[in-house]
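Engineer: Residue numbers (my numbering), protein chains in the order written: chain A, 2 to 463; chain B, 2 to 463.
This is how it looks when you write it as structure tokens:
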């Protein structure tokens, strides 16, 4: 079964593919805010209906949080035909700040650039609805042209990736036999650049925690109490400021336990890449690498752990002034992890670090969010080799074996619980503004993505 | 004209006095939030109508911000009858957080305590509507009983006290001759305790500033950029944490210029006061004085300058987690000033302090709010002596000559622009929760307040 006819089918049915993607993008499936739970359910049902239409045995699978979508295609042929498990997520980040969007976050637009190239603008266009649809559309084309797929396929789409995938492990635990495959395909990463494909072989882990410091039992007048009363904002800012030393290293005791130095071979490969820290930072209005001193930017992003404050609030934050000493102050803090760092040990160490700096008349409460380990994929993996060859055919150049600063908890779970490696192949770009206003996905990413998966499915045949 | 009949008139018409106060408390005249501008206008008109009913030549006087209320009473008698200028403010603090109020902030309640004593609960009950009405009700009683007042009275009520009184100086400049009097009476301070009156002879100044730090030009994904991209929340918390040294002293260069040590005599007087730092802090859930080490709590509150963060915000602050590095982070910072500290010099020094710590790829923007100097009233002032005697008659004990950590900009303005001293006589209590949910004013404060002003008006006769 040659790919060529499948590829031309993809080229000729681009409008239909976009129409389906836009339908999915119009569903505001924000996972972190309970107000959008029904929309997540709606997105899951939309996907199940589409997969059933392709002949998949597909269903919406409830969890303690947002539902999973699972679909199986079993008619690829002989007993030794391999099975791949495709993973993506249909949930998206909150769209705020809304006023910074040039069009509605859930009213996707097809926007033409000056150079004639086009992009798809909307929340989830790149992360991850646009990416997961590249695979489903490739599957659709194979079935349309050849009546069946070259390999058996199971599709697993979750709705909690943006909140640390709390329901994922329980679901894999309960459905391991059903989901097991020869290799997993994950489409939630970037290309090296707009012309060069990439396979991400390193992913950072993540631990997210929220801390609330309470000082006075009520808000106080800063004139009548200022000077004598403890201000929880001051306590919080002092603790947060102490999380890094002057070299940009995290000061939480034991934080660097299990952090490996980058192997010389990979360090060489990376320094050979055409990467301009100036351009990378300049694109977002920055110029000075802010991470650990003595590390280049690719290391800071791909092989070094970090700590960031993702949100902070306390006291009076509306227009004008209010002379108040608030009762509480809060912050959301996250840690990016590498190598063998243990997220739960680091959560405990962070909380101890905060408590150790609390004045005796303040208290700290914590809310734990997702926690996942960093992972690495071996470059000897035979499926990786086949996929790399297919990508080279599509793009005319070999994929870069890159790292990724982001976290995809599923990959660690697949290895630990299903004994599967994952091929991290995505078509996003660093300019996609994921998690930000005006998120976009290049039309070329979407088109190359569909064609690439069509080739890879063919290449993965036994 | 003896006071006795005036006092008994006050005692017998308490319900009417409360009815009028509740009418004023029902108007949500929040000055800091533009959304309430019309309510401020309404409060001003309500007061003018009441004063006109008492025979005052009263009117609403527009300003660039919230309007002033000015009323004159000129029929007290002989040419050498003194004139007093009474000052209060009809604006109130925002009621947030609303969910912490046991009844609507603008639905005043009369609440009986277990011990039978009563309190008036509502935003502005103590700060400052309840206090200003004690004077107007005393005036009403004098006129009702004797047909006229013992001294000439000008009443000036502003609507921007809670936002640093931006329109006050221009208004005094434009209307100095009209407002000039022999002495000013200001009712916006506390008693020493529920049985002991007080005259505040020291007030701290105030400088309020808002800072916004901008790092990346857009919000960034903390995985894809974390480690290399500057986080403005981290920049802001580091700067705020550096505002104090380990002894609780403010580190802004030049901040302590013009700060006088407390005169030994006053230090003695204060240490003779029955004051329990433990109770004062314990009342609001604290136990450790948080100010400059080596200073007792009354010094920290009354004679030492401070810096506090009144509000902070940046990044994702809603429910759940969001792995974002925000573009901006902001804080509202205020400084309480003493002695000869110059608010505008300190504003410049603070802004330089912030800029000096900015990484080269971050910017800082500032919004200046109110700025006022600290002031002191001489205890030799003859009007002060007369008022002190009247208070002693009412309470059966001499008033404490205390300090006040809060700021009442008008007092400095009266001295500088109208050459007038001010008598700071108020009937609030530290338990009144001003600026906080469930703000209250004891019925006994309201009642004693009216009676005290009736006595003071009599005592100030030439």
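In this text, a Cβ means the ideal position worked out from N, Cα and C, and glycines have one as well.
To which residues does DSSP link residue 214 of chain A through a beta bridge?
Structural biologist: Residue 214 of chain A pairs with A:330, A:365.
Engineer: Considering only residues of the same chain and omitting the five flanking positions on each side of residue 181 of chain A, which have a CB-CB separation below 6 Å?
Structural biologist: 419, listed in sequence order.
Engineer: What in chain B is Cβ-close to residue 302 of chain A, meaning under 7 Å?
Structural biologist: Per Cβ cutoff of 7 Å: 228, 229.
Engineer: When the Cα atoms are used, what is the spatial distance from residue 212 of chain A to residue 286 of chain B?
Structural biologist: When rounded, the distance between both Cα atoms is 20 Å.
Engineer: Does residue 167 of chain A get closer than 7 Å to chain B when you measure Cβ to Cβ?
Structural biologist: It does not; no Cβ of chain B falls within 7 Å.
Engineer: Along the chain, where does the beta strand (DSSP E) that runs through residue 62 of chain A open and close?
Structural biologist: It spans 58-62 - the beta strand (DSSP E) in which residue 62 of chain A sits, taken as one unbroken run.
Engineer: With a 10 Å radius around its C-beta and 16 neighbouring C-beta atoms as the bar for buried, classify residue 333 of chain B as buried or exposed.
Structural biologist: By the 10 Å Cβ count, residue 333 of chain B comes out buried.
Engineer: Tell me the DSSP bridge mates of residue 191 of chain A?
Structural biologist: Partner(s): A:429.
Engineer: Would you say residue 90 of chain A touches the ligand FAD, meaning its beta carbon is less than 6 Å from a heavy atom?
Structural biologist: The ligand FAD is not part of the structure shown, which contains no ligands of any sort.
Engineer: Which same chain residues end up closer than 8 Å to residue 29 of chain B when comparing Cβ atoms and leaving out the 5 residues on each side of it in sequence?
Structural biologist: 37, 40, 93, 96, 106, 107, 124.
Engineer: Just to confirm, are residue 234 of chain A and residue 315 of chain A a CB contact at a threshold of 7 Å?
Structural biologist: It is a contact, given that the beta carbons lie within the stated cut-off.
Engineer: Can you find the residues in the same chain that come closer than 6 Å, C-beta to C-beta, to residue 261 of chain A, ignoring five residues on each side of it along the sequence?
Structural biologist: 340.
Engineer: List the DSSP bridge partners of residue 197 of chain B.
Structural biologist: Note: residue 197 of chain B sits in a beta bridge opposite B:194.
Engineer: Can you pull the DSSP bridge partners for residue 203 of chain A?
Structural biologist: Partner(s): A:377, A:404.
Engineer: Give me, in chain order, the residues of the same chain whose beta-carbon lies closer than 6 Å to that of residue 56 of chain A; leave out the 5 immediate sequence neighbours on both sides.
Structural biologist: Closer than 6 Å at the Cβ level, and outside the excluded window around residue 56 of chain A, lies no residue.
Engineer: May I ask you to list the residues that DSSP assigns as paired with residue 85 of chain B?
Structural biologist: Bridge partners of residue 85 of chain B: B:154, B:184.
Engineer: Which residues mark the beginning and the end of the alpha helix (DSSP H) in which residue 113 of chain A is found?
Structural biologist: Per DSSP, residue 113 of chain A belongs to no alpha helix (DSSP H); it is in the beta strand (DSSP E), 110-113.
Engineer: Determine the direct distance from the alpha carbon of residue 270 of chain B to that of residue 141 of chain B, and round the result to whole angstroms.
Structural biologist: Each residue's Cα considered, the two are about 37 Å apart.
Engineer: Which residues of chain B have a Cβ atom closer than 8 Å to the Cβ of residue 257 of chain A, listed in chain order?
Structural biologist: The premise fails here: residue 257 of chain A is roughly 14 Å from chain B at the closest Cβ pair, so nothing lies under 8 Å.
Engineer: Is the distance from the Cβ of residue 173 of chain B to the Cβ of residue 414 of chain B below 7 Å?
Structural biologist: Closer than 7 Å, so yes.
Engineer: What beta strand (DSSP E) runs, 3 residues minimum, are completely inside the segment 6-80 of chain A?
Structural biologist: DSSP runs (the beta strand (DSSP E)) wholly in the segment 6-80 of chain A: 58-62, 69-74.
Engineer: How is residue 219 of chain A classed by DSSP in three states: helix, strand or coil?
Structural biologist: Three-state DSSP puts residue 219 of chain A in coil, outside helix and strand.
Engineer: Let me confirm a value: residue 1 of chain B is counted as buried when at least 16 other C-beta atoms fall within 10 Å, else exposed. Which label applies?
Structural biologist: Outside the modelled stretch of chain B, which goes from 2 to 463, sits residue 1 of chain B, for which no answer is possible.
Engineer: For residue 66 of chain B, go through chain A and note every residue whose CB falls closer than 8 Å to its CB, in chain order.
Structural biologist: Simply none; closest approach about 11 Å.
Engineer: What is the DSSP secondary structure of residue 307 of chain B, counted as helix, strand or coil?
Structural biologist: Correct three-state label for residue 307 of chain B: strand.
Engineer: Restricting to Cα atoms, I'd like to know which of B:13, B:127, B:304, B:230 is closest to residue 215 of chain B.
Structural biologist: Ranking B:13, B:127, B:304, B:230 by Cα distance to residue 215 of chain B puts B:230 first.
Engineer: Just tell me which of B:460, B:292, B:452, B:279 has its CA closest to the CA of residue 246 of chain B.
Structural biologist: When each option's Cα is compared against that of residue 246 of chain B, the closest is B:292.
Engineer: Any contact of the segment 17-33 of chain A with the segment 152-168 of chain A, i.e. 3+ C-beta pairs under 8 Å?
Structural biologist: Judged by Cβ distances under 8 Å, the segment 17-33 of chain A makes contact with the segment 152-168 of chain A, as three or more pairs qualify.
Engineer: Can you list, in chain order, the residues of its chain whose CB lies under 7 Å from that of residue 454 of chain A, leaving out five sequence neighbours each side?
Structural biologist: The residues are 135, 136, 139.
Engineer: What residues in the segment 359-388 of chain A bring their beta carbon closer than 8 Å to a beta carbon of chain B?
Structural biologist: Those would be 360, 361, 362, 370, 371, in chain order.
Engineer: For residue 222 of chain B, would you say it is in contact with chain A, using Cβ-to-Cβ distances shorter than 7 Å as the test?
Structural biologist: With 7 Å as the cut-off, residue 222 of chain B counts as an interface residue toward chain A.
Engineer: Taking C-beta pairs closer than 9 Å, name the residues in chain A that residue 305 of chain B reaches, listed in chain order.
Structural biologist: Ordered by position in chain A, the residues that pass the 9 Å Cβ test against residue 305 of chain B are 228.
Engineer: Please check the pair residue 430 of chain A and residue 195 of chain A, which I expect to be a contact at CB under 8 Å, by giving their CB distance rounded to whole angstroms.
Structural biologist: Yes, residue 430 of chain A and residue 195 of chain A are in contact; Cβ-Cβ is about 6 Å, under 8 Å.
Engineer: Shortest alpha-carbon distance to residue 272 of chain B belongs to which of B:34, B:50, B:300?
Structural biologist: Measuring from the Cα of residue 272 of chain B, the nearest candidate turns out to be B:300.
Engineer: Alpha carbon to alpha carbon, how far is residue 358 of chain A from residue 421 of chain A? Give it in angstroms, no decimals.
Structural biologist: Using only the alpha carbons, I get a separation of about 43 Å.
Engineer: Tell me, which residues are paired with residue 93 of chain B by DSSP?
Structural biologist: According to DSSP, which records beta bridges pairwise, residue 93 of chain B is partnered with B:31.
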